[in-house]
Ligand SMILES: [Ca+2]
Ligand SMILES: [Ca+2]
């Protein structure tokens, strides 16, 4: 069982979610985006906060009923777009969202498994918080080329209790759509 200690930073992100989803200025260094309850599974994506800090990009996703059981099959991919001049995402943070799974930050040449490339050599981490039903990813800016701005596209998926998973995919907004750019 993984234990997560809530930091004051995590709490401030929660507070930030409210603030930025109400204001959302174009030049924000943090944004919050909401998604409806729409897939009838615990991994159902409800909001994403992107916080572009001096040293790290922190992405926090909140879900309907995130649970530790492997039977949930809950997993996700956060695509990071760091270069406006090159179409599509340059990196993808992939991870399992149930207890005992792993995660990895990869180079990518676009959306979809077949385009995923080598692991990124740099500092990053993912924490699961079942009490808050949140997944928090911290990525060193240096690990992703110290971009001036980033935006993300988020895809989560799960498995039903009968083992099937057809249709249990939830994108933030439209499939393969990005958030607004978030400047540092
Ligand atoms: Ca949703
Ligand atoms: Ca790009």
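Numbering (my numbering), first residue to last: 2 to 185. Each residue gets a CB set at the ideal place from its N, CA and C atoms; glycine is no exception.
Span separating the alpha-carbon of residue i from that of residue j
i           : j           : result
residue 82  : residue 47  : 21 Å
residue 108 : residue 141 : 14 Å
residue 126 : residue 39  : 28 Å
residue 67  : residue 131 : 6 Å
residue 93  : residue 116 : 10 Å
residue 177 : residue 54  : 24 Å
residue 183 : residue 58  : 10 Å
residue 185 : residue 145 : 13 Å
residue 120 : residue 35  : 29 Å
residue 43  : residue 70  : 11 Å
Residue i Cβ short of 8 Å to ligand 2 heavy atom set
i           : result
residue 87  : yes
residue 61  : no
residue 120 : no
residue 167 : no
Local Cβ density within 10 Å of residue i, reported as buried at 16 or more and exposed below that
i           : result
residue 165 : exposed
residue 85  : exposed
Check: residue i C-beta below 8 Å from any heavy atom of ligand 1
i          : result
residue 67 : no
Secondary structure of residue i, DSSP reduced to three states
i          : result
residue 35 : strand
residue 62 : strand
Review point. Are the segment 110-126 and the segment 165-174 touching, with three or more C-beta to C-beta distances below 8 Å?
Key: No, the segment 110-126 does not touch the segment 165-174.
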